[in-house]
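**Student:**
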Amino acid sequence: MEKNRNFFLNQPFPAYKRGYELFSYSYLPKKITVFGLEKANQDIYNASFLDELLEKTVITKNFEEVVGRKIYKIYQGTCSFSEREKEVYRIAVKEFDKIRRKYFAAYGNARKDSMFRILQQLLLLLKICADPSLAYEYDSNEVPTKVKKAIRLLQMWKYEKVAIGVRRIEVADSYYRYLKQAFPERQIFYITGDKVPCKQRQRIVEKLRKTENGILLSTQQSLSESMNIDDVDKIILPELHYNHAAMEQYYFRFIRYTSRNFKQVVFLIYENSIEVNLLKMILAKEKLNLFMKNQLLENGELYERFGINPQIFSLLMTTSVDQEGKLQIQWGEQKIS
Numbered sequence: 167m168e169k170n171r172n173f174f175l176n177q178p179f180p181a182y183k184r185g186y187e188l189f190s191y192s193y194l195p196k197k198i199t200v201f202g203l204e205k206a207n208q209d210i211y212n213a214s215f216l217d218e219l220l221e222k223t224v225i226t227k228n229f230e231e232v233v234g235r236k237i238y239k240i241y242q243g244t245c246s247f248s249e250r251e252k253e254v255y256r257i258a259v260k261e262f263d264k265i266r267r268k269y270f271a272a273y274g275n276a277r278k279d280s281m282f283r284i285l286q287q288l289l290l291l292l293k294i295c296a297d298p299s300l301a302y303e304y305d306s307n308e309v310p311t312k313v314k315k316a317i318r319l320l321q322m323w324k325y326e327k328v329a330i331g332v333r334r335i336e337v338a339d340s341y342y343r344y345l346k347q348a349f350p351e352r353q354i355f356y357i358t359g360d361k362v363p364c365k366q367r368q369r370i371v372e373k374l375r376k377t378e379n380g381i382l383l384s385t386q387q388s389l390s391e392s393m394n395i396d397d398v399d400k401i402i403l404p405e406l407h408y409n410h411a412a413m414e415q416y417y418f419r420f421i422r423y424t425s426r427n428f429k430q431v432v433f434l435i436y437e438n439s440i441e442v443n444l445l446k447m448i449l450a451k452e453k454l455n456l457f458m459k460n461q462l463l464e465n466g467e468l469y470e471r472f473g474i475n476p477q478i479f480s481l482l483m484t485t486s487v488d489q490e491g492k493l494q495i496q497w498g499e500q501k502i503s
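For the sequence shown, this note's numbering gives the first residue as 167, with consecutive numbering after it.
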């Protein structure tokens, strides 16, 4: 065994890349897999020392600490694939190479095409989960199950204003058509970044305020941080973002310091789909972020905060390494020691 002197012992972390590398070696080291590859994850090591460091350097307050009360609750609205949706999803999982060029252009470079294959497959699976009817393989006139779930929530909240935030413009266009059919007498306000200028968005929000049960359908990123829409109490997110902070920026347009009523935020996800993996990754990142803010939560507490039944994670999707040693993707339990 070789011993080398640590010249950085008890010294501040240097600036820029070198400091980041040393910080990672100390608290977020990479693992070597059985295939000899480095695997980066978000497990935290030497947590007690890092906690001591953070106590001296990080000063944060969350929304509840500033307001003095919690005025919102997150729920998971799960739904199951219909038989036709399940078949479309199966094709994307099992026969991706056959349909790949319908959705993604070739790079003209075999190495690049191979590198981006898994990423493109994941993107397609997420698109199918957002709205299966947008897939070329969907040959049914039936309204997708997730859209039906959103419609049932809107029917339940028929006397309240509701906001629906998706990520893709094509998904927003599709939802707009379905909602117009389901609620011909209910006002639907539609905002996307490519079609509605900033000043017009504010005017649309003012019109929404004057309604009893208007529906605000928008892309999540189209509502600027300056928008204060605190009179909407029900928020639906049919599409998840891998970064929870990005979703928070959306639904906190409706959860404001001036809010008087309790808010309900519903994440709509398909069971036994890649969305479950995405939700798991969101929780892993959130656990790490909370730790960096000096808040160490057990998984049970985190699940309760997000309104999650842990049984949903019993069938996480995984990919295995084949004989050629192709990349394995795995999102599992996070460790803090």
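Even for Gly, the Cβ is constructed at its ideal location relative to N, Cα and C.
1. So, for Gly185: in the same chain, excluding its five sequence neighbours on each side, which residues have a beta-carbon less than 7 Å away from its beta-carbon?
2. What three-state label does DSSP hand Lys429 in the structure shown?
3. CB-CB under 8 Å to Cys364, same chain, minus the five flanking residues each way: which ones, in chain order?
4. What are the residues that DSSP puts in a beta bridge with Ile381?
5. Between Tyr341 and the rest of its own chain, which residues show a CB-CB distance below 8 Å, the 5 nearest in sequence each way excluded?
6. Suppose contacts are defined by Cβ-Cβ distances below 8 Å. Is Met413 in contact with Gln386 by that definition?
7. Going straight from the alpha carbon of Tyr269 to that of Lys373, what length do you get?
8. Throw me the rounded Cβ distance for the Lys346 and Asn379 pair, which I believe falls under 8 Å.
9. Between the C-alpha atoms of Leu292 and Pro350, what's the straight-line distance to the nearest angstrom?
10. Kindly identify the DSSP beta-bridge partner or partners of Gln242.
11. Given 8 Å as the limit, is there contact between the segment 243 to 261 and the segment 415 to 429, that is, 3 or more CB pairs closer than that?
12. Give me, in chain order, the residues of the same chain whose beta-carbon lies closer than 6 Å to that of Ser299; leave out the 5 immediate sequence neighbours on both sides.
13. Taking 7 Å as the limit between beta carbons, can you name the residues of its chain near Leu463, skipping five residues before and five after?
14. Just confirm the distance between the C-beta atoms of Tyr238 and Ile421, as a whole number of angstroms; I'd bet it's less than 8 Å.
15. So for Phe201, helix, strand or coil by DSSP?
16. Would you say Tyr408 and Leu444 are within 8 Å of each other, going by their C-beta atoms?
17. Counting only the same chain and skipping the five closest in sequence on each side, list residues whose C-beta sits under 6 Å from that of Arg171.
18. Reducing DSSP to helix, strand and coil, say where Ile137 ends up.
19. Please identify the residue among Asp339, Ile395, Leu288 and Gly473 whose C-alpha is closest to the C-alpha of Asp263.
20. Confirm, please, whether the CB-CB distance from Ser192 to Asn212 is below 8 Å.
21. Leaving aside the five residues before and after Gln368 along the sequence, list all residues of the same chain whose C-beta is less than 8 Å from its C-beta, in chain order.
22. Around the Cβ of Tyr255, are there at least 16 other Cβ atoms within 10 angstroms (buried) or fewer (exposed)?
23. Compare the C-alpha of Arg375 against each of Ile395, Asp305 and Leu468 and name the closest.
24. Beta-carbon separation of Ile335 and Ile354 under 8 Å?
25. Return the bridge partner residues of Ile401 from the DSSP annotation.
26. How close, in whole Å, do the beta carbons of Arg250 and Tyr182 come, if the pair is a contact with beta carbons under 8 Å?
27. Can you name the start and end residues of the alpha helix (DSSP H) that Tyr269 belongs to?
**Tutor:** The relevant details are as follows:
1. For Gly185, where only same-chain residues beyond five positions count, the Cβ hits under 7 Å are Phe179.
2. Three-state DSSP puts Lys429 in a strand.
3. Hits under 8 Å: Ser390.
4. The bridge partners DSSP lists for Ile381 are Val328 and Ile354.
5. Answer for Tyr341: Asp297, Val313, Ala316, Ile330, Val332, Leu383 and Pro404, listed in chain order.
6. The answer is yes: Cβ separation under 8 Å.
7. Looking at the two C-alpha atoms, the distance is approximately 38 Å.
8. Their Cβ separation, rounded to whole angstroms, is 15 Å, which puts Lys346 and Asn379 out of contact at 8 Å.
9. So the two alpha carbons sit approximately 29 Å from each other.
10. In the DSSP output, where bridge partners are listed per residue, Gln242 has Phe433.
11. Inter-segment contact for the segment 243 to 261 and the segment 415 to 429 is absent: fewer than three beta-carbon pairs are separated by less than 8 Å.
12. Pro310.
13. Only Lys453 and Leu456 meet the Cβ criterion.
14. Right, their Cβ atoms sit about 5 Å apart.
15. In this prediction, Phe201 scores a pLDDT of 47, lower than 50, which makes its location untrustworthy; no coordinate-derived value is stated.
16. Taking 8 Å as the cut-off, the beta carbon of Tyr408 is found closer than this to the beta carbon of Leu444.
17. Taken in chain order, the list of residues that qualify is empty.
18. Residue 137 is absent from the model: the chain starts at 167 and stops at 503.
19. For Asp263, the nearest C-alpha among the options comes from Leu288.
20. Here Asn212 is near Ser192, since their CB atoms are less than 8 Å apart.
21. Excluding the 5 residues flanking it on each side, Gln368 has same chain C-beta neighbours closer than 8 Å at Met393, in chain order.
22. That one is buried.
23. Looking at the Cα atoms, Ile395 is the closest of the given residues.
24. The answer is no: Cβ separation not under 8 Å.
25. Looking at the DSSP assignment, Ile401 forms a beta bridge with Ala329 and Val431.
26. Not a contact, Cβ separation roughly 52 Å.
27. Residue range Phe262 to Tyr269 is occupied by the alpha helix (DSSP H) that includes Tyr269.
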